[in-house]
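J.: Counting in this note's numbering, the sequence shown runs from 1476 upward without gaps.
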Amino acid sequence: MARKECYLYVQTMPQLLRLNLSDLCESGSSAEFEIAYDYSASDGRVPIGMACIVLGSKIYMVGGEKAQKGSMLSDPDEKNWLNTKDVYVFDHTKSESEDRLVPVRDGDGAALGRLNGPKTQPIGFTLEGKFYVLSTRPFLGSLSEHIPPVFEVFNPTLPIPSWKALPHQPNYPSMDYFAWGRKLLAMRMSCFFIFDAKEEKWTEAWDFIDQFTDIYKPTPTPPIPSNAGVEFKGVVFAVSSDMDALVAYDLDTGGHLKAHWVLDEFSEVFQGTPSLYLNQGFLTDLGGGRMCLLFSGGDMKRNWIVRVEVFHVDITTVGDRPNRPAVHREILRSFNLQSWNGLSPLIDSVFMCDHSNKGDIEADAKIPRRDLKEGKSLNPIYSLLFDESRSCSMNLVLHCYCIRIRATTKKFRELRRKLRAHIGHGLRAGVELYEIESPVIPQKLSGLWWIIPLRASGKITGDYALQERVDAQTGIK
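(1) Starting from residue 1497, trace the alpha helix (DSSP H) in both directions and tell me its first and last residue.
(2) What first and last residue would you give for the alpha helix (DSSP H) that runs through residue 1744?
(3) Taking residue 1595 as the reference, which of 1694, 1729, 1526 has the closest Cα?
(4) Where residue 1697 and residue 1726 are concerned, what is the direct C-alpha to C-alpha distance, given to the nearest angstrom?
(5) Whole angstroms are fine: how far does the CA of residue 1481 sit from the CA of residue 1831?
(6) Would you mind giving the Cβ-Cβ distance between residue 1528 and residue 1542, rounded to the nearest angstrom? I have them listed as a contact below 8 Å.
(7) If you follow the alpha helix (DSSP H) that residue 1686 is in, where does it begin and where does it stop?
(8) Does the region 1624-1638 come within contact of the region 1654-1669, defined as at least 3 CB pairs closer than 8 Å?
(9) Please report the Cβ distance between residue 1724 and residue 1714, rounded to the nearest whole angstrom; I am assuming they are in contact, meaning their Cβ atoms lie under 8 Å.
(10) What are the boundary residues of the beta strand (DSSP E) that residue 1822 is part of?
(11) Inspect the beta-carbon positions of residue 1767 and residue 1785 and report whether they are closer than 8 Å.
(12) In whole angstroms, what is the alpha-carbon distance linking residue 1914 and residue 1636?
(13) Below 8 Å on the Cβ atoms is my guess for residue 1562 versus residue 1588; work out the distance and round it to an integer in Å.
(14) Mark residue 1829 as exposed unless 16 or more other C-beta atoms lie within 10 angstroms of its C-beta, in which case mark it buried.
(15) Does the distance from the C-beta atom of residue 1716 to that of residue 1695 stay below 8 Å?
(16) Can residue 1822 and residue 1750 be called in contact, C-beta distance under 8 Å?
(17) Evaluate residue 1618 with the Cβ neighbour count: other Cβ atoms within 10 Å of its Cβ, from every protein chain shown; 16 or more gives buried, anything less gives exposed.
(18) Reducing DSSP to helix, strand and coil, say where residue 1672 ends up.
(19) I'd like to check one pair, residue 1672 with residue 1740: are the Cβ atoms closer than 8 Å?
(20) Which complete alpha helix (DSSP H) runs does the region 1734-1806 hold, if anything under 4 residues is left out?
(21) Does any heavy atom of the ligand NAP sit closer than 7 Å to the C-beta of residue 1631?
(22) When burial is assigned at 16 or more other CB atoms within 10 Å of the CB, is residue 1559 buried or exposed?
(23) Report buried or exposed for residue 1801, applying the criterion of at least 16 other Cβ atoms within 10 angstroms of its Cβ.
(24) Under three-state DSSP, which class holds residue 1640?
(25) Looking at the structure shown, is residue 1542 part of a helix, part of a strand, or coil, going by DSSP?
(26) Please list, in chain order, all residues of the same chain as residue 1798 whose beta carbon is under 8 Å from its beta carbon, the five residues on each side excluded.
(27) With C-beta atoms as the reference, is residue 1490 less than 8 Å away from residue 1518?
(28) Taking the beta carbon of residue 1760 as the centre, do at least 16 other beta carbons fall within 10 Å, making it buried, or is it exposed?
(29) So residue 1663 is in the beta strand (DSSP E); what residue range does that whole segment cover?
(30) In the DSSP output, which residue or residues are listed as bridge partners for residue 1509?
(31) Taking only three categories from DSSP, how would you classify residue 1586?
(32) Is residue 1516 near residue 1492, with beta carbons less than 8 Å apart?
(33) Sort out for me which residues DSSP pairs residue 1574 with in a bridge.
(34) With a CB to CB cut of under 7 Å and the five nearest residues on each side skipped, what residues in its chain are close to residue 1836?
(35) From what residue to what residue does the beta strand (DSSP E) around residue 1627 run?
What follows is the structure, given as structure tokens:
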């Protein structure tokens, strides 16, 4: 995390706020929220209620609605609000006097293109390196019809990245959601559906939700998770749907709950004074087991209170089962935003952007990738090197967000066979894997030596519980 460049962004209807996490962790009390962009002052030039997508050090925004001149949030008529397919990019390098949020035009060379259809009050989330945008309601008011497609995905790994329309959500519109692994749980009143990103289809989620609502269980039911989960070493962390706890879930790939732990260490965040109403909670991944928890709401004096805690976790295992995560709290700050007149205490999304990350997708082709051993240009998305001097059983999961790498399915299968041929033989091998549509590679590997060039992240879990950071530009550990 580079100093002075890592920000926590808070997207609200009238304004985009941000907090310098580097300053918060370094100096504590001196860090304050600031207005990164004021939508209410744009006079309808940019939409409100957009979903945010972070690619490298850049923030893109999609969906939302543009207000006709003089329209108010209380005017739900579609004539007062214009839907848009446009994509906007936030330029943090510009001063406050300049327009930091500008539309992306054809020929700009931007990573993100226009949507296939408008998205109103969308939620944005990431599953296995792909970016999803889902409308949550039609228009800014409460009109009954919607404009398809309401659900799209952007795959940055394609030779020509583009948006793709996805099946209609059965219980549209959603009121709440939970994203983890390759799945999205969409919740609305008593309707629950799960979207599987691999199969690209919706199914009823009663089997999943019954794990959290079965009143006949002899033990208390686990809290229902909400919003985007953060996964670390096979354990998913999420804020409860009641917004009163942070919970760690041991979920398998099918969504079956094997264990859960309510992390009481954060009771000060959720239940501290003053008591808050209209509560919202968001968890953001900072990498390597570090996370940022944001909890917000109003107090009885109508102040908008925001509490931010940075922490990290350690996870040990017994066999293949994780123990209760050990929580290490780093810093907790409470912010009173009462002086910001006109700010809505309702948050659309919270996300982190490290502006020192120069591995932008637009720049990927310009940064040479080097093999440490031979000094050759490294064309594949990532490579794995196995060291005969060490041997252990581990799970290795790599998620890469590079694009513009072409490879046929035949080539991918050939390389995968080569990789599997070296497992268990104790031989030194360098295996290049070109395709990342299936980011989870064979579970049991021998060796410890690994390199992930450019814009990738990796996790190794097992006896060594190794988690190493990789330089984003050179791929050097």
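Glycine included, each C-beta is placed from N, C-alpha and C at the ideal position.
Computed from a prediction, not measured in an experiment: that's the story for all the values here.
T.: If we stick to the structure as given:
(1) Taking the sequence shown and counting its residues from 1, one reaches residue 1497 at position 22. First-last of the alpha helix (DSSP H) with residue 1497: 1496-1502.
(2) Indexing the sequence shown from 1 puts residue 1744 at position 269. Per DSSP, residue 1744 belongs to the alpha helix (DSSP H) from 1742-1746.
(3) The residue labelled residue 1595 in the question sits at position 120 within the sequence shown. Nearest option by C-alpha distance: 1526.
(4) Translated into positions along the sequence shown, residue 1697 becomes position 222. Translated into positions along the sequence shown, residue 1726 becomes position 251. C-alpha separation (whole angstroms): 12 Å.
(5) Along the sequence shown, read from residue 1 onward, the residue named residue 1831 stands at position 356. Along the sequence shown, read from residue 1 onward, the residue named residue 1481 stands at position 6. If you take the alpha carbons of residue 1831 and residue 1481, they lie about 7 Å apart.
(6) Position 53 of the sequence shown, counting from 1, holds the residue named residue 1528. Position 67 of the sequence shown, counting from 1, holds the residue named residue 1542. Contact between residue 1528 and residue 1542 does not hold, since the beta-carbon distance rounds to 22 Å and is not under 8 Å.
(7) For the purposes of this step, residue 1686 is taken as residue 211 along the sequence shown, with counting starting at 1. Counting along the chain, residue 1686 sits inside the alpha helix (DSSP H) bounded by residues 1681-1688.
(8) no
(9) What you label residue 1724 is simply residue 249 of the sequence shown in a count that begins at 1. What you label residue 1714 is simply residue 239 of the sequence shown in a count that begins at 1. Not a contact, Cβ separation roughly 12 Å.
(10) Here residue 1822 refers to the residue found at position 347 when the sequence shown is read from its first residue. Counting along the chain, the beta strand (DSSP E) containing residue 1822 begins and ends at 1822-1829.
(11) As a first step, residue 1767 is located in the sequence shown; it is residue number 292 there, counting from the start. As a first step, residue 1785 is located in the sequence shown; it is residue number 310 there, counting from the start. Yes, Cβ-Cβ distance for residue 1767 and residue 1785 is below 8 Å.
(12) Indexing the sequence shown from 1 puts residue 1914 at position 439. Indexing the sequence shown from 1 puts residue 1636 at position 161. At residue 1914 the pLDDT is 35, less than 50, meaning the model places this residue with poor confidence and gives no usable figure here.
(13) Here residue 1562 corresponds to residue number 87 of the sequence shown, with the count starting at 1. Here residue 1588 corresponds to residue number 113 of the sequence shown, with the count starting at 1. The Cβ separation is near 7 Å, so the contact holds.
(14) Residue 1829 sits at position 354 when you count from the first residue of the sequence shown. When all chains shown are included, residue 1829 counts as buried.
(15) For this step, residue 1716 is matched to residue 241 along the sequence shown. For this step, residue 1695 is matched to residue 220 along the sequence shown. No, these two residues do not count as a Cβ contact at 8 Å.
(16) Position 347 of the sequence shown, counted from the first residue, corresponds to residue 1822. Position 275 of the sequence shown, counted from the first residue, corresponds to residue 1750. No. Outside cutoff.
(17) For the purposes of this step, residue 1618 is taken as the residue at position 143 of the sequence shown. Confidence at residue 1618 is low in this model, with a pLDDT of 48, below 50, so its placement is unreliable and the value that follows should be read with caution. Residue 1618 counts as exposed, since fewer than 16 other C-beta atoms from the protein chains shown sit within 10 angstroms of its C-beta.
(18) For this step, residue 1672 is matched to residue 197 along the sequence shown. When secondary structure is reduced to three states using DSSP, residue 1672 falls in the coil class, being assigned neither helix nor strand.
(19) Sequence index remark: in the sequence shown, residue 1740 carries index 265 (1-based). Sequence index remark: in the sequence shown, residue 1672 carries index 197 (1-based). No.
(20) 1742-1746
(21) As for the ligand NAP, it is missing from this structure, which has no ligand bound.
(22) Here the question's residue 1559 lines up with position 84 in the sequence shown. Buried, since its Cβ has 16 or more Cβ neighbours within 10 Å.
(23) As a first step, residue 1801 must be located in the sequence shown, where it is residue number 326. Answer is exposed; the Cβ neighbour count stays below 16.
(24) For the purposes of this step, residue 1640 is taken as the residue at position 165 of the sequence shown. Correct three-state label for residue 1640: strand.
(25) Start at 1 with the first residue of the sequence shown, and residue 1542 comes out as number 67. Residue 1542 falls in the strand class under three-state DSSP.
(26) Position 323 of the sequence shown, counted from the first residue, corresponds to residue 1798. Around residue 1798: 1790, 1791, 1792.
(27) In the sequence shown, the residue the question calls residue 1490 occupies position 15. In the sequence shown, the residue the question calls residue 1518 occupies position 43. Going by beta carbons, residue 1490 and residue 1518 fall outside the 8 Å limit.
(28) Numbered from its first residue, the sequence shown carries residue 1760 at position 285. Under this definition residue 1760 is a buried residue.
(29) The residue you call residue 1663 lines up with position 188 of the sequence shown. Unbroken beta strand (DSSP E) run through residue 1663: 1658-1663.
(30) Translated into the one-based positions of the sequence shown, residue 1509 becomes position 34. Residue 1509 is bridged to 1493.
(31) Locating residue 1586 in the sequence shown gives position 111, counting from the first residue. In the structure shown, residue 1586 falls within a coil segment according to DSSP collapsed to helix, strand and coil.
(32) As a first step, residue 1516 is located in the sequence shown; it is residue number 41 there, counting from the start. As a first step, residue 1492 is located in the sequence shown; it is residue number 17 there, counting from the start. The Cβ atoms of residue 1516 and residue 1492 do not sit closer than 8 Å to each other.
(33) By one-based count along the sequence shown, residue 1574 stands at place 99. According to DSSP, which records beta bridges pairwise, residue 1574 is partnered with nothing at all.
(34) Within the sequence shown, the letter at position 361 stands for residue 1836. Residue placement at residue 1836 is poorly supported in this model, since its pLDDT is 37, which falls under 50; the coordinates still yield a value, given next. So the qualifying residues of the chain are 1530, 1531, 1586, 1631, 1878.
(35) In the sequence shown, the residue the question calls residue 1627 occupies position 152. That run of the beta strand (DSSP E) goes 1626-1629.
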